[in-house]
Structure formats: C-alpha cells, structure tokens
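Asks:
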Amino acid sequence: MAPAEAVAHAALRLDAVSRAFGGLQAVDAVSLTVRPGERRALIGPNGAGKTTLFNLIAGALPLTSGRISLFGHDVTGTPAHRRAALGLARTFQITNLFPDLTVLENCLLAVQAQTPARFAMLRPVSQYSALRERAQATLASLALEGLGDAVVRNLSHGEQRQLEIALALAGRPRVLLLDEPTAGLSPAESRLMATLLRELHPAITVLMIEHDMDIALELSEMVTVLHYGRVIADGPREQVKADPQVKEIYLGA
Amino acid sequence: MIARRALLAAAAVAVLAGVAPFLPAYPLTLLTQALIVGILAMSLDVLLGYTGLTSLGHAAYFGVGAYAVAIMATEKQAGLIPCLAVGVLLAAATAAIFGLLAIRATGTYFLMITLALGMVIWGLAFRWVSLTKGDNGIAGVPRPSLGPLELSGPLPFFYFCLVATAVAWALMGLLVVSPFGLGLRGIRGSESRMLALGYNVWLHKYTAFVISGLFAGFGGTLWAYYNGFVSPNDVQLVTSVETLLMVALGGSGTLIGPAIGAGVIVFLKNFVSVYTKRWLLILGAVYIGVILYAPTGIVGALRGRRR
Amino acid sequence: MSAEFWIAQSFNGISYGALLFLLASGLSLIFGIMRIVNLAHGSYFMLGGYVGLTVALRTHSFTLACLAGAVAVGLVGVGMERLFLRRLRHEVLGQVLLTIGFALIFQDLALLIWGGDPYTVPIPSLLTGTVRVGGAVFPIYRIFIVVIAILVGLGMWLSLDHTRAGAMIRAAVDDAEMAQSVGINVPRVSLAVFALGAALAALGGVIGGGFLGVYPGADFEVLPYAFVVVIVGGLGSLPGAVAGSLLVGLLDNFGKALFPELSYFTLFAPMAVILAVRPTGLFGRS
Numbered sequence: 016m017a018p019a020e021a022v023a024h025a026a027l028r029l030d031a032v033s034r035a036f037g038g039l040q041a042v043d044a045v046s047l048t049v050r051p052g053e054r055r056a057l058i059g060p061n062g063a064g065k066t067t068l069f070n071l072i073a074g075a076l077p078l079t080s081g082r083i084s085l086f087g088h089d090v091t092g093t094p095a096h097r098r099a100a101l102g103l104a105r106t107f108q109i110t111n112l113f114p115d116l117t118v119l120e121n122c123l124l125a126v127q128a129q130t131p132a133r134f135a136m137l138r139p140v141s142q143y144s145a146l147r148e149r150a151q152a153t154l155a156s157l158a159l160e161g162l163g164d165a166v167v168r169n170l171s172h173g174e175q176r177q178l179e180i181a182l183a184l185a186g187r188p189r190v191l192l193l194d195e196p197t198a199g200l201s202p203a204e205s206r207l208m209a210t211l212l213r214e215l216h217p218a219i220t221v222l223m224i225e226h227d228m229d230i231a232l233e234l235s236e237m238v239t240v241l242h243y244g245r246v247i248a249d250g251p252r253e254q255v256k257a258d259p260q261v262k263e264i265y266l267g268a
Numbered sequence: 664m665i666a667r668r669a670l671l672a673a674a675a676v677a678v679l680a681g682v683a684p685f686l687p688a689y690p691l692t693l694l695t696q697a698l699i700v701g702i703l704a705m706s707l708d709v710l711l712g713y714t715g716l717t718s719l720g721h722a723a724y725f726g727v728g729a730y731a732v733a734i735m736a737t738e739k740q741a742g743l744i745p746c747l748a749v750g751v752l753l754a755a756a757t758a759a760i761f762g763l764l765a766i767r768a769t770g771t772y773f774l775m776i777t778l779a780l781g782m783v784i785w786g787l788a789f790r791w792v793s794l795t796k797g798d799n800g801i802a803g804v805p806r807p808s809l810g811p812l813e814l815s816g817p818l819p820f821f822y823f824c825l826v827a828t829a830v831a832w833a834l835m836g837l838l839v840v841s842p843f844g845l846g847l848r849g850i851r852g853s854e855s856r857m858l859a860l861g862y863n864v865w866l867h868k869y870t871a872f873v874i875s876g877l878f879a880g881f882g883g884t885l886w887a888y889y890n891g892f893v894s895p896n897d898v899q900l901v902t903s904v905e906t907l908l909m910v911a912l913g914g915s916g917t918l919i920g921p922a923i924g925a926g927v928i929v930f931l932k933n934f935v936s937v938y939t940k941r942w943l944l945i946l947g948a949v950y951i952g953v954i955l956y957a958p959t960g961i962v963g964a965l966r967g968r969r970r
Numbered sequence: 042m043s044a045e046f047w048i049a050q051s052f053n054g055i056s057y058g059a060l061l062f063l064l065a066s067g068l069s070l071i072f073g074i075m076r077i078v079n080l081a082h083g084s085y086f087m088l089g090g091y092v093g094l095t096v097a098l099r100t101h102s103f104t105l106a107c108l109a110g111a112v113a114v115g116l117v118g119v120g121m122e123r124l125f126l127r128r129l130r131h132e133v134l135g136q137v138l139l140t141i142g143f144a145l146i147f148q149d150l151a152l153l154i155w156g157g158d159p160y161t162v163p164i165p166s167l168l169t170g171t172v173r174v175g176g177a178v179f180p181i182y183r184i185f186i187v188v189i190a191i192l193v194g195l196g197m198w199l200s201l202d203h204t205r206a207g208a209m210i211r212a213a214v215d216d217a218e219m220a221q222s223v224g225i226n227v228p229r230v231s232l233a234v235f236a237l238g239a240a241l242a243a244l245g246g247v248i249g250g251g252f253l254g255v256y257p258g259a260d261f262e263v264l265p266y267a268f269v270v271v272i273v274g275g276l277g278s279l280p281g282a283v284a285g286s287l288l289v290g291l292l293d294n295f296g297k298a299l300f301p302e303l304s305y306f307t308l309f310a311p312m313a314v315i316l317a318v319r320p321t322g323l324f325g326r327s
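Spelled out as structure tokens, the structure:
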C-alpha cells in the first residue's frame with residue numbers, strides 16, 4: 016500500500032488518549048497509529064495500562080480525553096457494540112465465554128451478531144445452515160473442530176483460550192485486539208496458540224498484549240511499549256528491542 | 664432434539680385431551696387453572712431462565728390482561744376476540760413502558776424496580792375504584808363463546824385453555840430456540856461478551872421484557888374467564904413471588920419446567936389447604952427446600968443438571 | 042387547601058419518613074455491603090412490632106418493648122444470615138425465594154401466636170396527646186418518632202465517620218474485596234450490619250406499632266416502601282436513606298391526601314423520574 020494511503024486510512028489511530036481514575040492516570044496521552052494489516056505487540060510491565068487501553072479502544076470504558084479513530088471514523092463517542100459493526104473485535108485477558116452453552120453455540124452467537132438473523136424469533140437457529148457453516152469453519156481454523164457439542168465450562172483452559180479467539184474472529188473483523196492470548200497456557204499450548212495466530216489472515220490488523228516476550232516479538236513486526244500509562248517506545252521490533260529505556264525496564268526491574 | 668421435545672409436548676397434550684372427559688369437575692378445573700398459570704410461569708422463564716433477569720413484578724402484566732378482560736366483558740359486553748386482543752395489547756404496552764424504566768437497571772436495582780412497578784399496578788387496582796372496583800374486585804365475568812361454540816362448561820373451557828396453552832408454549836418454544844433466543848441465553852451468560860460481539864444488549868433485553876409481559880398478559884386474559892372474578896389479589900407481590908417459585912421449582916431455563924412447577928403449586932395449594940390451615944408455613948418451607956435442595960428444579964434434576 | 046393542611050400533611054409525611062428511615066437505613070447498608078436481597082425485611086418490622094406488643098403488655102414498659110423487639114429480631118436476623126443466606130452469596134433468585142420462604146413462615150407463625158386481630162402497642166402516657174404551635178396541632182408521639190429517627194441517624198453517622206468499626210463498615214460498603222484483602226473481617230462486619238439492620242427494622246415496628254398498629258400483612262405492606270427508599274436514595278448510602286425516607290414519606294402522604302385514587306402511582310412516578318435521571322439513586326454509585 017502506498018505510504019500516503021497508509022497514513023490517511025490508518026486502521027486504528029489514537030490521539031492523546033487518556034483515562035484517569037480519580038487521581039490515578041491509568042492511560043496518559045497515548046498516541047499511536049496502526050496501519051492496516053499490521054501486527055503490533057503492546058508490551059509493558061504489569062499495571063502499565065495495557066488492558067485499560069484495550070478497554071478504551073473497544074469502548075468498554077469512556078475516555079477522559081483524546082480521540083480514537085477506526086479506519087478514519089471517529090469512534091470516541093461510539094458505544095461498544097457499534098464499534099464491532101465497524102470491524103473491531105477483541106478477546107479478554109480473563110476468559111469471557113458463555114459457560115453454559117456449547118462451543119458451537121458460542122461461535123454461532125459470534126457469527127450471527129452482525130447479521131439480521133439475530134432478531135429472528137420464529138425459526139430454530141439450527142435451520143440457519145449458512146451461519147452454522149461459518150461457525151464450524153471458524154472453529155476449525157482455531158483447531159476446535161470436533162468440540163462443537165462440548166459445553167464450554169467443561170473445556171480445558173487451553174481450549175477456552177482458543178475459543179476466545181474464535182469468537183473474535185467469527186465476525187470477520189478488520190481490527191483484532193488480542194489480550195494476552197497465551198495467558199495461563201502451558202509451553203506446548205502456547206506453541207500451538209502461536210502457530211494458530213501466525214495463520215491469521217494477513218489483511219486483519221492485529222494489536223496484541225502479550226507477556227510472553229518471545230511470542231510477542233515473533234508474531235509482530237511493530238512494538239509499542241507502555242510504562243505507567245505512557246508510551247515510552249514505539250516502532251519496528253528490532254529498534255524497540257535495542258532501546259536502552261526498554262532494556263532497563265525489563266532487565267533492571 | 665427440538666423435534667423430540669415437540670413430540671413429547673404433543674403427546675402430553677394428546678394425553679390431557681384424552682383423559683379430560685373422564686375427570687370429575689374439580690380436578691378438571693384445577694387442571695385448567697394449572698394450564699393458565701403455566702402460561703404465566705413460562706412467560707417469566709423467558710425473562711428469568713433465558714435472559715437472566717429476575718423480575719419481582721411479573722403479576723402486573725398478568726393482572727393488566729385479567730382486568731382488561733374483566734372490565735370489557737362486564738361493562739362493554741365485548742366478545743372473546745376483542746377482549747383477548749385488548750388484554751394482550753394492554754399488557755404488552757404496560758411492559759413496554761415499564762421496560763423503559765427497568766431495563767436500564769441491573770442486578771439488585773432491577774429486582775427492586777420491578778417490585779415497585781408491580782406495586783404501581785397493584786395500587787391502581789386497589790385505589791382506582793371507579794375503574795377496577797378496588798378491593799371488591801370485578802365479579803361476574805362470563806365464560807366466553809367462540810362463534811357458535813359455547814365455552815362455559817368445564818370441559819369445553821378446558822379444551823379451549825389447552826389449545827391456548829399449547830399455542831403459547833409453541834410460540835415461546837420457538838422463540839427460545841431461535842437466533843434471538845440464543846442471543847438471550849448469551850446475555851444471561853455474559854453481557855460484556857455480547858456487547859463486544861456487537862449486540863445491542865439493551866434492545867434485546869427490552870424486547871424480551873415486552874414479549875414476556877405480552878404472554879403473561881395472555882395468561883391473565885384466560886384467568887379472568889376462568890375465575891369469573893378479578894381482584895387486586897391477582898396482582899399482589901405474593902402472586903409475583905409465587906410465579907418465581909414455580910419457575911424455580913420446575914427448573915428455570917427449561918420452559919416446560921415452570922409449567923410443571925405451576926401445576927405442582929396449583930395442586931399443592933388446593934389440596935394442602937383442605938387439610939391444614941398452616942398452608943403458608945408449608946409453602947414457605949417449600950420455597951426454602953427448593954432453593955437448598957433442588958436448585959435446578961424438577962426438570963433440571965430429571966435432566967441431570969448440576970447447579 | 043389551607044396552610045394548616047399543608048403543615049399538617051408535611052408533618053405527617055416527615056414523621057412517616059422518620060419511621061421509614063428506621064426501616065430502610067439498615068436495609069441500605071446491608072445492600073451496600075452484601076448485595077443481599079432480603080424480602081423478609083418487612084417481616085422484621087412486623088415481628089418486632091408483635092414482640093414489642095407482648096412485652097409492653099406484660100411489663101408495661103415501652104422502653105423494654107423496644108429493646109426486646111430489637112434484640113429478638115436482631116437474633117433472628119443473625120440466624121438467617123449465618124445459617125442460610127451465607128450459602129447463597131451472588132445468587133439473586135435463591136436469596137429472593139429463601140427470604141420469601143422465611144417471610145411466609147414468619148407471617149404464619151405470627152398468625153398462629155398472635156391471631157388475626159390488629160393491635161396497637163401501648164405507648165407511655167408521656168407521649169400521648171398533642172402540642173399546639175401557632176395554629177397547628179402536632180401529636181406528641183409523631184414528634185417522638187422524628188426525634189428517635191434523628192438520634193438513630195446521628196448515631197449511625199457519627200459511628201460510621203468516627204469509629205474504627207464505622208471505618209470498617211464504610212470500607213466494606215465501598216469495596217468488599219479490597220476491604221477483605223487489607224485485613225478487615227468482612228463476613229463478621231456484614232453479619233453485624235445485617236443484625237443491626239434487622240434490629241432497626243424491628244425498632245421501627247415497635248414504634249410504628251404505637252400509631253399504625255401491628256397486624257397480619259404489615260410485613261408485605263411496608264416492604265415495597267423500604268425498597269423504594271433504598272432505590273431512590275441509593276444502595277449503601279446513609280444520606281441517601283435520609284433523603285429517600287423523607288421523599289417517600291412526603292410523596293406518599295401528599296399522594297394519599299390529594300390523589301387517593303392514584304396513591305401508589307404518585308409515589309412511584311417520581312421514583313421513576315428520579316431513576317430515569319440517575320439510575321443508581323440520588324446518592325448511589327454504580
């Protein structure tokens with residue numbers, strides 16, 4: 016994509032976004048621009064404000080000041096559920112699924128969310144074969160095929176983390192916010208997750224919070240580092256890795 | 664699975680229809696009452712078991728439907744269809760207005776607001792004497808006739824209610840297995856996830872609230888014809904709470920469970936009160952027992968669900 | 042509508058609000074800490090009244106009646122919370138049904154023990170009669186109720202703000218998890234607040250029994266009022282309970298006096314308006 020176009024239609028753009036809780040500045044004038052198709056890692060020590068930033072981008076929390084734009088649209092005042100319609104999807108750091116429903120039902124909810132079918136009241140959902148196929152395809156892409164009839168609360172933690180991502184992908188998002196996809200996973204499960212994430216469609220813009228530094232750097236070409244709610248480094252992976260301030264935070268801590 | 668449930672329900676309807684002519688009058692009328700109250704219980708299950716909203720004022724919509732029929736039938740001599748239509752529409756309208764207030768609230772606030780709103784209807788029934796005859800209630804509601812069919816005898820009226828209940832059950836049954844119904848179950852599971860997926864959660868909850876009120880009102884219209892008499896007792900807090908008990912006893916989130924729970928409570932009330940005056944004590948113990956020992960209700964236990 | 046009418050009705054509304062404050066202030070704090078829905082709270086009011094009635098008739102002491110009612114029902118509250126409600130934290134439907142079950146049992150027991158006739162709790166002769174101020178006449182007993190409510194309110198406010206126990210309660214209302222993690226024994230604090238709320242409701246029942254009477258059905262009659270006070274005032278807020286009680290007392294009184302056909306409506310319509318503007322009540326936090 017030509018550079019001029021890339022800047023004009025940034026997939027996600029934050030302008031001096033801030034969020035205060037009483038006297039505490041959780042997110043402090045964060046500005047960043049994510050280009051379409053980019054894979055960016057958001058890293059930083061615990062409490063740096065990363066999940067708060069995700070909540071602001073997703074609309075789960077209102078801003079104290081600043082602007083958020085999605086593909087050129089100002090979404091600062093847009094309610095959370097409408098941002099999904101603009102192509103935004105997110106996962107949660109603490110698994111947030113529908114525990115009493117089956118894996119397939121979970122995925123169906125995600126698939127039907129942006130379709131008119133969600134208001135259909137007089138036909139059983141099992142009769143919507145197109146939705147069903149899309150749900151099953153999404154599950155397959157996250158190595159969950161065959162688990163369709165399992166009730167979510169009976170899944171292993173790793174399978175639940177995979178379903179977390181499946182729900183976000185099912186709506187065919189253009190921007191994907193991944194909040195610690197490998198949280199609580201064993202090394203083997205993390206490897207599987209990394210493989211699955213590497214296979215995400217290249218057109219999807221991905222912003223990922225990740226504590227596992229190896230996976231974060233492996234899957235992203237751009238990195239933003241947050242510390243006490245502020246951006247202290249932002250740029251290509253190698254450049255950030257070599258940044259002395261970043262090294263101090265991670266090695267000196 | 665849906666086909667199997669539908670088949671079971673059809674079988675149950677057939678059994679009831681077949682057995683009815685051989686039942687003595689008293690059990691037959693009790694069965695009729697159980698069906699009508701079953702509609703109310705199922706309507707509450709849509710809101711509670713499927714959407715996850717605990718309402719303490721559901722008798723209000725039942726009562727609006729009942730009073731509408733009572734007033735229209737006794738004062739305007741209106742026929743069956745207009746009475747049913749007005750009753751159901753008024754109940755839905757009441758739910759539409761109340762829903763605007765209640766749905767913005769969550770958790771405990773929702774519970775208390777629905778209680779208060781239920782009291783508004785009770786208060787109107789009790790005090791707006793020129794309309795509702797207050798504490799005296801409205802008596803003399805005649806049994807309806809459907810064209811050439813006279814529905815006043817216990818058996819014809821029972822069949823009428825059986826058909827009505829079957830229709831209500833079928834419609835609500837379709838609702839809960841539809842995509843919209845799946846959305847309601849999603850809301851009950853995790854509102855935050857539903858919002859993140861792009862659902863307008865408020866709108867879905869509000870719609871469920873109005874639909875639930877509509878069916879409760881439908882039950883109320885039948886009640887007016889069944890009982891022949893409508894009073895503020897039909898919309899008091901205790902009635903709303905008893906409906907909650909039916910849902911819990913039968914098993915919330917199963918639709919047929921609450922209908923069964925309604926039947927159990929109706930029969931229990933009528934039989935136990937014959938033998939002892941301590942009916943309230945026993946009912947109270949039933950409430951406590953259900954919660955402590957059978958939290959998933961009768962149907963839940965039958966299906967082997969744990970809490 | 043003469044000036045006397047407005048003054049008399051306002052005073053009646055305020056004194057009824059005072060009674061509601063006794064009933065609802067404890068409820069608000071209980072909600073604030075424990076998020077428990079207790080539909081037996083009206084039963085505490087009624088049982089307090091009945092116990093107070095019996096003690097007053099036997100001992101001819103109004104003070105003893107108040108104490109007995111408060112203590113007896115406080116103990117009942119402790120029993121309910123400790124043995125039953127504690128098992129149902131976070132289960133709204135379960136709490137509703139369990140507490141209603143108890144409410145029904147209490148109602149039937151009261152019927153069994155005291156019968157179905159209404160009674161009035163005998164009040165000391167000191168508090169009977171009226172007082173004349175200007176052209177208006179005020180019953181002394183109603184003044185007494187307002188005084189008691191003010192004393193209780195002040196007592197609660199001072200304890201909450203100036204004692205260690207009060208600080209612990211405020212912390213638990215603010216954020217129960219955080220309070221637990223800094224070492225506050227939240228279950229014990231909760232139990233104490235629950236007992237206090239029950240005792241206050243019972244006190245309200247004894248005092249209310251002096252002019253409203255004690256009768257079957259008082260429990261479910263007074264319960265919605267308590268809830269409306271708490272909704273309007275905001276969960277967990279003492280100033281909210283004061284504001285809510287006054288508002289509800291006045292609205293109910295004027296509503297009944299001016300628009301008797303719409304009485305509950307005149308009470309709940311303003312509640313609806315308040316909630317439309319502030320969904321968590323006047324002083325509540327989300």
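Residue numbers (the working numbering), protein chains in the order written: chain A, 16 to 268; chain B, 664 to 970; chain C, 42 to 327. Quick reminder that beta carbons are idealized off the backbone N, C-alpha and C, glycines included. Model, not experiment: these values are computed from the prediction.
#1: Using 8 Å as the threshold, is the region 114 to 125 of chain A in touch with the region 146 to 153 of chain A, meaning 3 or more CB pairs across them?
#2: Going by C-alpha to C-alpha distance, which of A:Met208, A:Val167, A:Ala209, A:Val42 sits closest to A:Gly81?
#3: Can you name, in chain order, every residue of its own chain whose Cβ lies under 6 Å from the Cβ of A:Arg3, other than the five neighbours on each side?
#4: DSSP has A:Glu233 in a bridge; who is on the other side?
#5: Check the Cβ of C:Leu139 against every Cβ in chain B and list those closer than 8 Å, keeping chain order.
#6: Less than 7 Å separating the beta-carbons of C:Gln50 and C:Ala298?
#7: Is there contact here, the region 759 to 770 of chain B with the region 785 to 796 of chain B, by at least three beta-carbon pairs under 8 Å?
#8: Our contact map puts A:Val221 next to A:Val240 with C-beta atoms below 8 Å; I'd like the distance itself, whole angstroms only.
#9: By how many angstroms is the C-alpha of A:Ala203 removed from the C-alpha of A:Thr197?
#10: Residues of chain A with CB closer than 7 Å to the CB of B:Pro842, please, in chain order.
#11: Do B:Thr651 and B:Gly720 have their C-beta atoms within less than 7 Å of each other?
#12: How many Å lie between C:Ile225 and C:Gly249 at the Cα?
#13: Per DSSP, which residues does A:Leu55 bridge with? Please list them.
#14: Below 8 Å, can you find three or more Cβ-Cβ pairs linking the region 817 to 836 of chain B to the region 914 to 923 of chain B?
#15: Between A:Ala100 and chain B, is there a C-beta pair that is closer than 7 Å?
#16: Are the beta-carbon atoms belonging to C:Leu108 and C:Ala242 less than 7 Å from one another?
#17: According to DSSP, simplified to helix, strand and coil, what is C:Val223?
#18: Residues of chain C with a CB under 8 Å from the CB of B:Gly920: which are they?
#19: Looking only at C-alpha atoms, which of B:Leu931, B:Ala768, B:Met909 sits nearest to B:Gly701?
#20: Report the residues of the region 862 to 894 of chain B with a CB closer than 9 Å to any CB of chain C, ordered along the chain.
#21: What do you reckon, are the CB atoms on A:Glu174 and A:Ala56 nearer than 7 Å?
#22: Taking a contact to mean a Cβ-Cβ separation below 7 Å, would you say C:Val269 touches C:Met312 in this structure?
#23: Closer than 9 Å, Cβ to any Cβ of chain B: which residues of the region 182 to 200 of chain A, in chain order?
#24: Quick check on the DSSP output: the beta strand (DSSP E) that includes A:Pro251 runs from which residue to which?
#25: Span of the beta strand (DSSP E) holding A:Ile83?
#26: Compare the beta carbon distance of C:Val214 and C:Ile74 with 7 Å and say whether it is the shorter of the two.
#27: Taking 7 Å as the threshold (C-beta atoms), are A:Ala99 and A:Ala75 in contact?
#28: Going along chain B, which residues have a C-beta under 8 Å from A:Ala295?
#29: For B:Val751 versus B:Phe881, is the C-beta spacing smaller than 7 Å?
#30: Could you have a look at C:Arg211 and say whether DSSP puts it in helix, strand or coil?
#31: Taking Cβ positions, are C:Val187 and C:Ala59 nearer each other than 7 Å?
#32: Compute the beta-carbon to beta-carbon distance between B:Ala879 and B:Ser706, rounded to the nearest angstrom, for a pair I have assumed lies under 8 Å.
#33: Please tell me whether B:Gly816 has its Cβ less than 7 Å away from any Cβ of chain A.
#34: Assign B:Tyr862 to one of three DSSP states: helix, strand, or coil.
#35: B:Arg848 touches chain A at which residues, Cβ-Cβ below 9 Å?
#36: May I ask you to list the residues that DSSP assigns as paired with A:Thr48?
Replies: In short:
#1: yes
#2: A:Val42
#3: In the structure as shown, chain A begins at 16 and stops at 268. Residue 3 of chain A is therefore absent and cannot be evaluated.
#4: A:Glu233 pairs with nothing; no bridge assigned.
#5: Tyr950, Ile951, Ile954, Leu955
#6: yes
#7: no
#8: The Cβ separation is near 17 Å, so there is no contact.
#9: 11 Å
#10: Gln127, Ala132, Arg133, Ala135, Val140, Tyr143
#11: Here chain B has residues from 664 to 970 only, and residue 651 of chain B is not among them.
#12: 36 Å
#13: The residue you asked about is not Leu; residue 55 of chain A is Arg in the sequence shown. Answer is A:Leu222, A:Met237, bridged to A:Arg55.
#14: yes
#15: yes
#16: no
#17: coil
#18: Going along chain C, no residue has its Cβ under 8 Å from B:Gly920, so there is no contact; the nearest lies around 14 Å.
#19: B:Met909
#20: none
#21: no
#22: yes
#23: Leu182, Ala183, Ala185, Gly186
#24: 245 to 251
#25: 80 to 85
#26: yes
#27: no
#28: This structure cannot settle anything about residue 295 of chain A, because the visible part of chain A is limited to 16 through 268.
#29: yes
#30: helix
#31: yes
#32: 4 Å
#33: no
#34: coil
#35: Phe113, Asp115, Leu116, Glu120, Leu124
#36: A:Arg28
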